[in-house]
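Since the structure comes first, as structure tokens, the remarks are kept for the end.
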Amino acid sequence: MPTDTYVPRSAWGILWRLAVALGAGFLTFGLVLSDIPVEPTARQGFFVLLDLFLGVVAIVLMPFSRHAPLTIALILAALSGFSGFALGAVCIVLVSLATRRRWQEIAAVGIVWLASTLAFEALHPTLDLPWWGAVLVVLSVLVYGLLVAIGVSIGNRRDLLVSLRERAETAEREQAARLDQARTTERTRIAREMHDVLAHRISLVAMHSGALAYRTDLTREETSAAAAVIQDNAHLAMTELREVLGVLRETDVPAGVPERPQPTLDALPDLLDEVRGLGGGDADVGCEIAPATAERLPDLPEQTSRSAYRILQESLTNARKHAPAAPVRVGISGEPGEGLVLRVTNPLVTVCTVRAPDDGAASRASGAPPSGLGLTGLAERARLTGGELRAAPDGAGSFVVRAWLPWT
1496 MPTDTYVPRS AWGILWRLAV ALGAGFLTFG LVLSDIPVEP TARQGFFVLL DLFLGVVAIV
1556 LMPFSRHAPL TIALILAALS GFSGFALGAV CIVLVSLATR RRWQEIAAVG IVWLASTLAF
1616 EALHPTLDLP WWGAVLVVLS VLVYGLLVAI GVSIGNRRDL LVSLRERAET AEREQAARLD
1676 QARTTERTRI AREMHDVLAH RISLVAMHSG ALAYRTDLTR EETSAAAAVI QDNAHLAMTE
1736 LREVLGVLRE TDVPAGVPER PQPTLDALPD LLDEVRGLGG GDADVGCEIA PATAERLPDL
1796 PEQTSRSAYR ILQESLTNAR KHAPAAPVRV GISGEPGEGL VLRVTNPLVT VCTVRAPDDG
1856 AASRASGAPP SGLGLTGLAE RARLTGGELR AAPDGAGSFV VRAWLPWT
């Protein structure tokens, strides 16, 4: 579609148009003078001066065609019938008008152009032939058509450049939006990983410190072991927190720098040992993997395996936090095409496993306060993987976390 976007001309653009108008005007005016005798009549002298005057007027009006293109084009097309000196300015204005590609305007100016050509021939006859008038009309139409074609071509090129510029700007905006979305997604992922990892570590610290604070029957070896677990997990939590903060500070990650590997189900035995260690190494944490699933588990997609590990980690942490002495059972089943099913079950019991001077102290000995985000975060993680997660009592005295993840 034609555009009317006004773009101010540069000084060079004004100068070369003025030079072309003057050059073409002087050339045409010279041809007119060549037909004038050395001693012209008063009538001939008047038309020569009129030609020169109207040509100057046309050149003066030429810059105003940017603001009133149709009006100036009609005026200059009419002046061209009485001034050869105005021809250069008229051609430039007609080309400029044609860049708008408004065919009603082009047709109206074309009629005036043709009439002016015939008027100029009447004032300055060239050939006294009966068929010259028809030839002149054809030549006039061809010249006008050439000027229009040049203008239309320039207008199309301008529109193309504007379109390409708009596409480039749109692409830049979309790229910026994609980068913002990627940053938001990465921050969300980091926040989720921070919760999964730090909540697990802090829960271990809280539970062991609670045991040290309220259990008076611990031996020296048990106290030392609990203190070592607290120290190790506090150190790991600080290390992982520094890594997360370091990632958040980075604005540009250098190419080729690998991300810190995230644990998958390959690390499940270590996770189970860690959870069993919460009870001094004798906590009842069982894991049953279906034989058919165990054979195919190495083929599980990495993203699904990472999500499965985090779901089991958070579920076991919650079970140990809310039911420290209760047995926990982990079940894993599924196969490609049907999906991976994770199931973590623990009895619904009152969280109080040590004797204490008062009930409030006993309840505090169980561990860290709930985060309020664990199960919600697990459900969101499962959803982002394309699966689903449900956590609720089963009606038989147990609390069950069941997750289904796609396995393709």
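Under this note's numbering, read the sequence shown as residues 1496 to 1903, first letter to last. Here a beta-carbon is modelled for each residue, glycine too, at the ideal position from N, C-alpha and C. Since we're looking at a predicted model, the values are computed, not measured.
Self-check item: Chain-order list of residues whose beta-carbon lies under 6 Å from that of Gly-1578 (same chain, five-residue window excluded)
Solution: Reading off the sequence shown, one finds Ser at residue 1578, where the question assumed Gly. Excluding positions up to five away in sequence, the list reads Asp-1546, Leu-1549, Gly-1550.
Quiz item: Just checking my contact of Ala-1573 with Val-1607 at CB under 8 Å: how many whole Å lie between their CB atoms?
Solution: 6 Å
Quiz item: Are the beta-carbon atoms of Thr-1799 and Pro-1888 separated by less than 8 Å?
Solution: no
Quiz item: Out of curiosity, what's the CA-to-CA distance linking Ile-1827 and Glu-1667?
Solution: 46 Å
Quiz prompt | Glu-1833, enclosing beta strand (DSSP E) - first and last residue | solution = Here Glu-1833 belongs to no beta strand (DSSP E), and DSSP marks it neither H nor E.
Exercise. On a CA-only basis, which of Ala-1818, Leu-1565, Leu-1582, Ser-1560 is nearest Ile-1601? Give me that one, please.
Key: Leu-1565
Quiz item: Which residues does DSSP pair with Ser-1893 in a beta bridge?
Solution: Pro-1842
Quiz prompt | Reference Glu-1769; option with closest CA among Val-1724, Arg-1660, Ile-1784 | solution = Val-1724
Practice problem: Could you check the C-alpha separation between Leu-1522 and Arg-1597 for me, to the nearest Å? | Solution: 31 Å
Exercise. Would you mind stating whether Gly-1646 and Ser-1591 have Cβ atoms separated by less than 8 Å?
Key: yes
Quiz item: Bridge partners of Trp-1899, per DSSP?
Solution: Val-1836, Glu-1883
Quiz prompt | Segment limits, alpha helix (DSSP H) that includes Gly-1475 | solution = Because the chain is modelled from 1496 through 1903, residue 1475 falls outside the range shown and cannot be assessed.
Quiz item: Beta-carbon separation of Val-1700 and Ala-1729 under 8 Å?
Solution: yes
Exercise. Would you kindly work out how many angstroms separate the C-alpha atoms of Ser-1575 and Trp-1511, rounded to a whole number?
Key: 21 Å
Quiz prompt | Local conformation of Arg-1597 per DSSP, three classes | solution = coil
Self-check item: Nearest neighbour of Gly-1583, chosen from Thr-1759, Gly-1525, Arg-1771 [CA to CA]
Solution: Gly-1525
Quiz item: Would you report the Cα separation of Leu-1879 and Trp-1899, rounded to the nearest angstrom?
Solution: 12 Å
Quiz item: What residues in its chain sit with their C-beta under 6 Å from that of Leu-1609, if we drop five residues either side in the sequence?
Solution: Ser-1635
Quiz item: Mind checking whether Leu-1884 and Ala-1874 have CB atoms under 8 Å apart?
Solution: yes
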